[in-house]
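Protein chains in written order, with our numbering: chain A, 14 to 171; chain B, 14 to 171.
The beta-carbon is built from N, C-alpha and C at its ideal position, and this holds for glycine as well.
Remember, predicted model here, so these are calculated numbers, not experimental data.
See below for the structure under consideration.
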DNA sequence: GTACGATAGTCAACGTGGTTGACGAAATAG
DNA sequence: CTATTTCGTCAACCACGTTGACTATCGTAC
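Okay, structure coming up:
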């Protein structure tokens, strides 16, 4: 049972974690837009990352992201439409449709990594490198399990 | 510019923040479901909190949450349907429809606060109270701005 | 007292992201 | 050669968000 009025109410922690996540992602996409990728949405970067350099299929992508193959397929459609992914037939299996990152997608991915590195440096400059390291270590300790699940919209909503 | 291979790649930080948030929210709702509130979705708790003890209107709720009045109205509809909110006419203004938390909603809110306190205690037990305090302080420093905006699904998606 | 602008709420249409169920086409196992 | 599995897609649906248009009401200015 919680005390009547804790000095540090528990509800602040998740809000702060969300605000931190959101700040980083918003900063990323503000930078990304300036560097020629204004269409990229928060979800898209994670999807591109999940497709990876070797390419994959919609079904496998769904498994990696923790969503259904149908949802993965629709997301791929949208990213194909904006030029970040492309589909190709698999010569060895006519059922499969290979999903690959386009050069434009690879550029977005590379820039994202660089921007995330710069943002982390900014946090380290403000808070001190040890504090950022500690934050990461502590979060790794507490959140170890559900790492790479990006069904955020459906999870958070309904 | 980022170094070729940083010891701590920047992309991990947002992922860890999201994983931490998600872990807390998942733990909360697992507990909440056991305590008789299985219908409550992650978003709903934030909405109930935003409605507050005094009640509000859909338009004002939308302003508080950073979403349109139409979106706020639809969310209220859903929470009314599951019994967490109720609508009432405003005797002093026939245009306004008061939105109030029901007793069931208040129960969910009270339990949520208690569970969040317990979860924070659990984090403090594992990491040490000073580390959790530091994490909160650091996040407050870096994320100061966009605190109470809960348009997460639309923001993250598209 | 009436006319008018501002405000509250709703309806409709749409986009994104998610789900399940059904189905055809192709690979694989027997 | 047939039976089963697997991949991709289609269709229908739900949650959440958006903008635009509209009605009803309030408050004010004349």
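Quiz item: Is it a yes or a no for the stretch 132 to 150 of chain B touching the stretch 55 to 71 of chain B, going by three-plus beta-carbon pairs under 8 Å?
Solution: The stretch 132 to 150 of chain B vs the stretch 55 to 71 of chain B: no contact.
Exercise. Quick one: using the 10 Å Cβ neighbour count with 16 as the cut-off for buried, is residue 123 of chain B buried or exposed?
Key: Counting Cβ neighbours within 10 Å, residue 123 of chain B comes out exposed, since fewer than 16 surround it.
Quiz item: CB residue 33 of chain B to CB residue 152 of chain A, shorter than 8 Å?
Solution: Yes, the Cβ-Cβ distance between residue 33 of chain B and residue 152 of chain A is below 8 Å.
Quiz item: Run through DSSP, which three-state label would residue 95 of chain B get?
Solution: In the structure shown, residue 95 of chain B sits in coil (DSSP, three-state: anything other than H, G, I, E or B).
Quiz item: Can you give the Cα-Cα distance for residue 127 of chain A and residue 40 of chain A, rounded to whole angstroms?
Solution: So the two alpha carbons sit approximately 12 Å from each other.
Exercise. Could you tell me which of B:51, B:53, B:92 sits nearest to residue 71 of chain B, measuring between CA atoms?
Key: Among B:51, B:53, B:92, the Cα nearest to that of residue 71 of chain B is on B:92.
Quiz item: Quick one, which residues of the stretch 134 to 158 of chain B are near chain A if we go by CB-CB under 8 Å, in chain order?
Solution: If the cut-off is 8 Å between Cβ atoms, the stretch 134 to 158 of chain B has 134, 136, 139, 140, 144, 145, 146, 147, 148, 149, 151, 152, 153, 154, 155, 156, 158 near chain A.
Self-check item: Endpoints, the beta strand (DSSP E) within which residue 53 of chain B is located
Solution: Annotation for residue 53 of chain B: no beta strand (DSSP E) segment contains it, and DSSP assigns it neither H nor E.
Quiz item: Based on Cα-Cα distance, which residue from A:87, A:86, A:94, A:60 lies nearest to residue 78 of chain A?
Solution: With distances taken between CA atoms, residue 78 of chain A lies nearest to A:60 out of A:87, A:86, A:94, A:60.
Quiz item: Would the beta-carbon of residue 56 of chain B be found less than 7 Å away from any heavy atom of the ligand GTP?
Solution: You won't find the ligand GTP in this model; it holds no ligand whatsoever.
Quiz item: According to DSSP, which residues form a beta bridge with residue 101 of chain B?
Solution: Paired residue(s): B:111.
Quiz item: Under 7 Å Cβ-Cβ, which residues of chain A neighbour residue 38 of chain B?
Solution: Within chain A, the residues near residue 38 of chain B are 27.
Practice problem: Locate the alpha helix (DSSP H) running through residue 106 of chain B, then write down its first and last residues. | Solution: Looking at the DSSP string, residue 106 of chain B is not in any alpha helix (DSSP H), and its letter there is neither H nor E.
Self-check item: Inter-residue spacing [alpha-carbon to alpha-carbon] between residue 89 of chain B and residue 109 of chain A
Solution: When rounded, the distance between both Cα atoms is 43 Å.
Quiz item: On the three-state DSSP scale, how would you describe residue 70 of chain B?
Solution: In the structure shown, residue 70 of chain B sits in coil (DSSP, three-state: anything other than H, G, I, E or B).
Quiz prompt | Neighbourhood of residue 86 of chain A by C-beta distance below 7 Å, restricted to the same chain and skipping five residues each side | solution = The residues 71, in chain order, have a CB closer than 7 Å to that of residue 86 of chain A in the same chain once the five nearest residues on each side in sequence are set aside.
Quiz item: residue 36 of chain B and residue 156 of chain A: beta carbons closer than 8 Å?
Solution: Between residue 36 of chain B and residue 156 of chain A, the C-beta spacing is below 8 Å.
Quiz prompt | Cβ-based burial, residue 75 of chain B [other Cβ within 10 Å; buried from 16] | solution = Buried.
Practice problem: Could you have a look at residue 125 of chain A and say whether DSSP puts it in helix, strand or coil? | Solution: Looking at residue 125 of chain A - three-state DSSP - the assignment turns out to be helix.
Quiz item: Got a sec: is the Cβ-Cβ distance from residue 172 of chain B to anything in chain A below 8 Å?
Solution: Not covered by the structure: residue 172 of chain B. The range shown for chain B is 14 to 171.
Practice problem: Run the CB neighbour count on residue 130 of chain B, radius 10 Å, all protein chains shown included, and call it buried at 16 or more, exposed below. | Solution: Around the C-beta of residue 130 of chain B, 16 or more other C-beta atoms lie within 10 Å, and the residue is accordingly described as buried.
Quiz item: Measuring CB to CB, does residue 30 of chain B end up less than 8 Å from residue 30 of chain A?
Solution: Yes, the Cβ-Cβ distance between residue 30 of chain B and residue 30 of chain A is below 8 Å.
Quiz item: Do you know offhand how far residue 146 of chain B's Cα is from residue 113 of chain A's?
Solution: Those two C-alpha atoms are separated by around 44 Å.
Exercise. Identify which residue in B:169, B:134, B:125 has its Cα closest to the Cα of residue 43 of chain B.
Key: Nearest C-alpha to residue 43 of chain B: B:125.
Quiz prompt | Cα-Cα separation, residue 50 of chain A to residue 121 of chain A | solution = Distance from the CA atom of residue 50 of chain A to the CA atom of residue 121 of chain A, rounded to whole angstroms, is 7 Å.
Quiz item: Using a Cβ-Cβ distance under 8 Å, would residue 96 of chain A count as near chain B?
Solution: So no, residue 96 of chain A is outside the interface.
Quiz item: Taking DSSP as the reference, what is the three-state secondary structure of residue 24 of chain B?
Solution: Three-state result, residue 24 of chain B: coil.
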